[in-house]
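**Q** Before I ask anything, let me first share the structure, which is written out below as structure tokens.
Number of protein chains: 2
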Amino acid sequence: MQVTMTITAVRSAVRQARQQGKTIGFVPTMGALHRGHLSLVEAAARQCDFIVVSIFVNPTQFGPSDDFNKYPRPIEQDLAICTEHGVDLVFAPSPQEMYGDEVLTWVDVERLTGPLCGSFRPGHFRGVTTVCAKLFNIVLPDVAFFGQKDAQQAVVIRRMVRDLNMPLEIVVCPTVREPDGLAMSSRNQYLTAEQRGQAGTICLALEHAEDQIRRGVRDADTVAAAVIGILRQVPGIEIQYVSLVDAESLQPVDPVSGKVLIAVAVRIGSTRLIDNIVVDAH
Amino acid sequence: MQVTMTITAVRSAVRQARQQGKTIGFVPTMGALHRGHLSLVEAAARQCDFIVVSIFVNPTQFGPSDDFNKYPRPIEQDLAICTEHGVDLVFAPSPQEMYGDEVLTWVDVERLTGPLCGSFRPGHFRGVTTVCAKLFNIVLPDVAFFGQKDAQQAVVIRRMVRDLNMPLEIVVCPTVREPDGLAMSSRNQYLTAEQRGQAGTICLALEHAEDQIRRGVRDADTVAAAVIGILRQVPGIEIQYVSLVDAESLQPVDPVSGKVLIAVAVRIGSTRLIDNIVVDAH
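Protein chains in written order, with my numbering: chain A, 1 to 282; chain B, 1001 to 1282.
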């Protein structure tokens, strides 16, 4: 496995792989790799010949009060995991390599970045779309893989790729969960043992919502209220949003119909956790 | 020469050219081709094997009071010119092919789009950068060619390409001028015979400014005032700006030093004309 911090080396390695007739699969990450990331690497390995993983804690997607400084960076462990899982190339650039002295150019997706996490993390998605545009232009993959856990991110990236005619396919892989249902996240390690015990409630609440819809409940507020009721059983939980939105347009749906994204963001202590489930309400 | 209105056909033709080992040169235009455009096609032919010209009057770079509807669209004549000059592929998409029903994603370059034309044409450069990002992703050229006549556009596009790590080179070619010095522009055809006679004054004013700097004048206001004085000899001229800025940062320079862009925008009647000259003030 090749590891590089430079854009030039990535371009050169990918060019060489492509000259050998290989297709390029790309998994952009912020490191602190868990089984969620690995499911993306495995999907990439099934679909592509040459697997590139980027590890970059992207400063432009963190707000001033976000956890940029404390975000975990276990680079040696991440590299070992990538080696074990047959990754061909890891790109782990410095912020300087990615952004130089100053960023003047931004890629912005309107409307889809407004609701859900967008209203709690101003500028977050602009940072995500900009860094993904850069990474796509550096790696030039045939396919890039994202997790459904970050549902809004996946919708926004898909739209960016479509709107800007970027020459790659976006594949979104299912959320990988702990045995109690907690969605895999690098931020789970911030949780105390007690908080970790409580965090499984998020998934339970989403499953309850899915169950309600399957049983025929179509009033969005009723479903949301039930989710909120379950989440409130966690002491000290702060609910940022519980939203039922169209899974593509991210606009509120009420009554519930079509493919509905039920998305939740909470804080448990100082840790922000998000999760979601998509239900087909036909 | 192949002519197509579809993105799919462009991708396929370019892929085929690339498989034959050809390098791809790209000249994005809004049509109404003149000798300025042809100098770009000729530069592309010198540097690249397969020449793509796009002809697209891009609605997103026109403001509500701009000349989008009346902008000339002599497509048959343009195609004849391209055929004569050895263009391999003309991409002439409809707005629907380029933008579908709705644009949500924009590429924005900060600061560089603020001064000069940016302050008179709000949203213009966002439209330019977005359509260029799209066209670059569709054509995937090795080199794209722009004219120095649109100096701010060239600086903005270069910066976008650099900031977003777009995998292509930008070449900026010298302004091509009429015998009396008027910079070639598709908008020159809006001018009445009388206005056309007067429009040569713009270039004379810029040459005077260059002359002043070469003779040692370093006070930017003195140079600008002289340019304004000459331009005002044109009856009914409306001067939008006469600016002396650093040729890369586009920030005002006073006293004049380094590579200085002297940029002018005026209206003669209802026709907006821009021109510029770069002077090395060492």
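Even for Gly, the Cβ is constructed at its ideal location relative to N, Cα and C. These numbers come from a predicted model, not from an experiment.
Applying a beta-carbon distance threshold of less than 8 Å, which residues of chain A neighbour L1164 of chain B?
**A** T105, V107, T130, A133, K134, N137
**Q** Using a C-beta to C-beta distance shorter than 8 Å, which residues of chain B count as neighbours of R159 of chain A?
**A** Those are L1104, T1105, listed as they occur along chain B.
**Q** Ignoring anything shorter than 4 residues, give me the alpha helix (DSSP H) runs that lie fully in the stretch 109-192 of chain A, in order along the chain.
**A** 117-120, 124-139, 151-163
**Q** Output yes if chain A places a C-beta closer than 7 Å to the C-beta of E1110 of chain B; else output no.
**A** yes
**Q** Can you list the residues of chain B that I7 of chain A reaches, using a CB-CB cut of under 9 Å?
**A** N1165
**Q** Of all the options A:L231, A:M30, A:R158, which has the alpha carbon lying nearest to the alpha carbon of P74 of chain A?
**A** A:M30
**Q** What is the DSSP secondary structure of G25 of chain A, reduced to helix, strand or coil?
**A** strand
**Q** Measuring straight from C-alpha to C-alpha, what distance separates R1159 of chain B and T1105 of chain B?
**A** 18 Å
**Q** Could you name the residues that DSSP lists as bridge partners for S1243 of chain B?
**A** DSSP output for S1243 of chain B lists B:A1263 as bridge partner(s).
**Q** Just list the beta strand (DSSP E) runs in the stretch 1202-1250 of chain B, keeping only unbroken ones of 3 residues or longer that don't cross its boundaries, in chain order.
**A** Segments of the beta strand (DSSP E) lying fully in the stretch 1202-1250 of chain B: 1237-1246.
**Q** What do you get for P141 of chain A, buried or exposed, if any count of 16 or more other CB atoms within 10 angstroms of its CB means buried?
**A** buried
**Q** Within 10 Å of its beta-carbon, does A144 of chain A have 16 or more other beta-carbons around it, so buried, or fewer, so exposed?
**A** buried
**Q** Would you grab the beta carbon distance between V1234 of chain B and H1208 of chain B for me? Rounded to a whole angstrom, and I think it's under 8 Å.
**A** Wrong, their Cβ atoms sit about 14 Å apart, outside the cutoff.
**Q** Pull up the CB-CB distance for L1250 of chain B and L1112 of chain B, whole angstroms please, since I reckon it's below 8 Å.
**A** 5 Å
**Q** Take every Cβ of the stretch 1252-1262 of chain B, pair it with every Cβ of the stretch 1218-1226 of chain B, and state whether three or more of those distances are shorter than 8 Å.
**A** yes
**Q** State the beta-bridge partners of I285 of chain A as determined by DSSP.
**A** For chain A, the structure presents residues 1 to 282; residue 285 of chain A sits outside this window and is missing.
**Q** By the DSSP assignment, the beta strand (DSSP E) with S54 of chain A in it spans what residues?
**A** 50-55
**Q** When you compare only the Cα positions, how much space is there between D163 of chain A and Q153 of chain A?
**A** Cα to Cα, the separation comes out at about 15 Å.
**Q** For the stretch 1114-1133 of chain B and the stretch 1084-1094 of chain B, state whether three or more C-beta atom pairs, one from each stretch, are separated by less than 8 Å.
**A** no
**Q** For C173 of chain A, collect the residues of the same chain with a Cβ closer than 8 Å to its Cβ; drop the 5 residues on either side in sequence, then sort them by chain order.
**A** Only S39, L40, A43, F145, F146, G147, Q148 meet the Cβ criterion.
**Q** By the criterion of Cβ-Cβ separation under 7 Å, what are the contact partners of L1140 of chain B in chain A?
**A** Near L1140 of chain B (Cβ distances below 7 Å), the residues of chain A are P167.
**Q** Short of 7 Å in beta carbon distance, which residues of its chain neighbour C1117 of chain B, apart from the five on each side in sequence? Order them along the chain.
**A** H1124, Q1152, A1265, I1274
**Q** Out of A:Q77, A:D246, A:R121, which one is the CA nearest neighbour of Q240 of chain A?
**A** A:R121
**Q** Taking Cβ positions, are E238 of chain A and R272 of chain A nearer each other than 7 Å?
**A** no
**Q** In three-state terms, what does DSSP make of R1272 of chain B?
**A** strand
**Q** Since G1025 of chain B contacts Q1047 of chain B with CB under 8 Å, what's their CB separation in whole angstroms?
**A** 6 Å
**Q** So for T1105 of chain B, helix, strand or coil by DSSP?
**A** strand
**Q** Classify Q2 of chain A as helix, strand or coil using the three-state DSSP reduction.
**A** For Q2 of chain A, the three-state secondary structure derived from DSSP is strand.
**Q** Measuring CA to CA, which of B:T1060, B:R1214, B:V1014, B:G1063 is closest to D1049 of chain B?
**A** The residue with the shortest Cα to Cα distance from D1049 of chain B is B:V1014.
**Q** Assuming N165 of chain A contacts N1137 of chain B under a Cβ cut-off of 8 Å, what Cβ separation, rounded to an integer in Å, is found between them?
**A** Contact annotation, N165 of chain A with N1137 of chain B: C-beta distance approximately 4 Å; criterion of less than 8 Å satisfied.
**Q** Leaving out the 5 sequence neighbours to the left and right, which residues in its chain are closer than 8 Å to Q198 of chain A when beta-carbon positions are compared?
**A** Cβ neighbours of Q198 of chain A within its own chain (closer than 8 Å, five residues either side excluded): V234, P235, I237, I268.
**Q** Does the separation of the CB atoms of V1053 of chain B and Y1071 of chain B fall below 7 Å?
**A** no
**Q** Below 7 Å between beta carbons: does that hold for V1176 of chain B and R1011 of chain B?
**A** The answer is no: Cβ separation not under 7 Å.
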